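Residue numbers (our numbering): 118 to 383.
Glycine included, every Cβ here is placed at the ideal spot set by N, Cα and C.
On a predicted model such as this, the values are computed, not experimentally measured, just so you know.
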Amino acid sequence: MDCKMSPSENDFDIPAKNCCRMVILGSTKVGKTAIVSQFLNGRFDEQYTPTIEDFHRKLYSIKGDVYQLDILDTSGNHPFPAMRRLSILTGDVFILVFSLDNRDSFEEVQRLKRQIIETKSCLKNKTKENVDVPLVICGNKGDREFCREVQSEEIEQLVAGDEQCAYFEISAKRNTNVDQMFQTLFTMAKLPNEMSPDLHRKVSVQYCDMLRTKSLKNKNKKNDGDAYGIVAPFARRPSVHSDLMYIKEKAIGGGQGKDKERCTIS
Numbered sequence: 118m119d120c121k122m123s124p125s126e127n128d129f130d131i132p133a134k135n136c137c138r139m140v141i142l143g144s145t146k147v148g149k150t151a152i153v154s155q156f157l158n159g160r161f162d163e164q165y166t167p168t169i170e171d172f173h174r175k176l177y178s179i180k181g182d183v184y185q186l187d188i189l190d191t192s193g194n195h196p197f198p199a200m201r202r203l204s205i206l207t208g209d210v211f212i213l214v215f216s217l218d219n220r221d222s223f224e225e226v227q228r229l230k231r232q233i234i235e236t237k238s239c240l241k242n243k244t245k246e247n248v249d250v251p252l253v254i255c256g257n258k259g260d261r262e263f264c265r266e267v268q269s270e271e272i273e274q275l276v277a278g279d280e281q282c283a284y285f286e287i288s289a290k291r292n293t294n295v296d297q298m299f300q301t302l303f304t305m306a307k308l309p310n311e312m313s314p315d316l317h318r319k320v321s322v323q324y325c326d327m328l329r330t331k332s333l334k335n336k337n338k339k340n341d342g343d344a345y346g347i348v349a350p351f352a353r354r355p356s357v358h359s360d361l362m363y364i365k366e367k368a369i370g371g372g373q374g375k376d377k378e379r380c381t382i383s
């Protein structure tokens with residue numbers, strides 16, 4: 118069981134290279150929140166509640182190092198295009214979700230993939246970073262095969278030739294291929310595979326200080342093969358100001374993973 122409380126995140130000293138923001142995009146009712154729920158809690162909620170925007174944070178201790186994964190679960194309605202663009206600019210890895218029984222949602226994913234590449238390319242004009250963005254496209258609701266509206270050949274054309282884009286047919290309801298999808302995404306992003314749900318231990322309340330202890334005392338000990346994960350219970354989305362400052366730093370070349378940089382906690 119994931120812990121209900123954790124030490125203050127300000128107690129951690131996490132290098133910028135160990136911090137990652139995952140942005141999940143797609144139309145309404147395709148299962149974005151269900152995928153997040155399976156990833157964080159191993160649960161599926163039958164009741165649908167429209168998402169405006171949800172923010173989650175998970176902290177890991179992996180082989181003596183501490184990692185921070187921020188997850189932005191976006192609205193399928195996109196009422197504020199500027200906010201969606203901001204989410205894309207600050208995202209490090211992306212999951213694009215469509216429903217196999219809804220062609221319109223597949224067409225939306227095609228538009229989103231183009232928008233991510235175009236938006237990141239604009240940022241690239243001001244920095245030396247590579248525009249390649251780790252991205253996974255998910256065809257959800259594989260348990261509804263009899264209602265399928267999107268064929269495999271069409272999906273293969275969308276991902277063909279793009280080494281930084283992978284495709285998985287999943288079922289968030291049955292938790293089919295969800296873990297494999299996350300493992301692939303983390304591999305493309307050069308993050309530890311142990312961040313995937315099945316490859317780390319979800320620690321209980323009495324072990325909540327484990328991450329802080331390891332981050333402070335075990336920095337030079339890389340032989341610890343255990344991996345632990347804690348969902349931060351009161352994580353808040355960084356402010357728009359913080360996101361804009363982050364983008365500014367990237368644009369002027371100040372966000373390229375220097376050792377002195379640390380994760381932004383806000």
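For PHE211, the secondary structure class from DSSP, reduced to helix, strand or coil, is strand. DSSP places LYS149 in the uninterrupted alpha helix (DSSP H) bounded by 149-158. DSSP, reduced to helix, strand and coil, places TYR284 within a strand of the structure shown. Judged by beta-carbon spacing, ARG174 lies within the 7 Å limit of ALA349, meaning their Cβ atoms are closer than that value. Judged by DSSP in its simplified three-state form, PRO350 adopts coil rather than helix or strand. The DSSP assignment places complete alpha helix (DSSP H) segments of no fewer than 4 residues inside the stretch 218-267 at 220-241, in order along the chain. Here ARG201 carries a helix assignment [DSSP, helix/strand/coil].
In this structure THR166 is exposed. Its beta-carbon is surrounded by fewer than 16 other beta-carbon atoms within 10 angstroms. For SER269, the number of other beta carbons within 10 angstroms of its own is below 16, and it is reported as exposed. Counted as a single uninterrupted DSSP element, the beta strand (DSSP E) harbouring VAL140 occupies residues 136-143. Nearest to ILE169 by alpha-carbon distance, out of LEU186, GLY159, GLY193, is GLY193. In the structure shown, PHE172 falls within a strand segment according to DSSP collapsed to helix, strand and coil.
Assignment of VAL320 by DSSP, reduced to helix, strand and coil, places it in the coil class.
Counting along the chain, ILE131 sits inside no alpha helix (DSSP H), nor does DSSP assign it H or E at all. By the CB criterion at 7 Å, SER313 and PHE299 fall inside the cutoff.
In the assembly as shown, ARG231 is an exposed residue. Its beta-carbon has fewer than 16 other beta-carbons within 10 Å. Distance from the CA atom of VAL183 to the CA atom of HIS317, rounded to whole angstroms, is 13 Å. GLY278 is classed as exposed because its beta carbon has fewer than 16 other beta carbons within 10 Å across all chains shown. For PHE215 and THR145, the gap between their C-alpha atoms comes out near 9 Å. Of all alpha-carbon atoms in SER356, GLU224, ARG138, the one lying nearest the alpha-carbon of PRO251 is that of ARG138. Rounded to whole angstroms, the separation of the alpha carbons of GLY143 and LYS319 is 28 Å. Taking one beta carbon from each stretch, the stretch 258-269 and the stretch 208-222 have 3 or more pairs nearer than 8 Å; the two touch.
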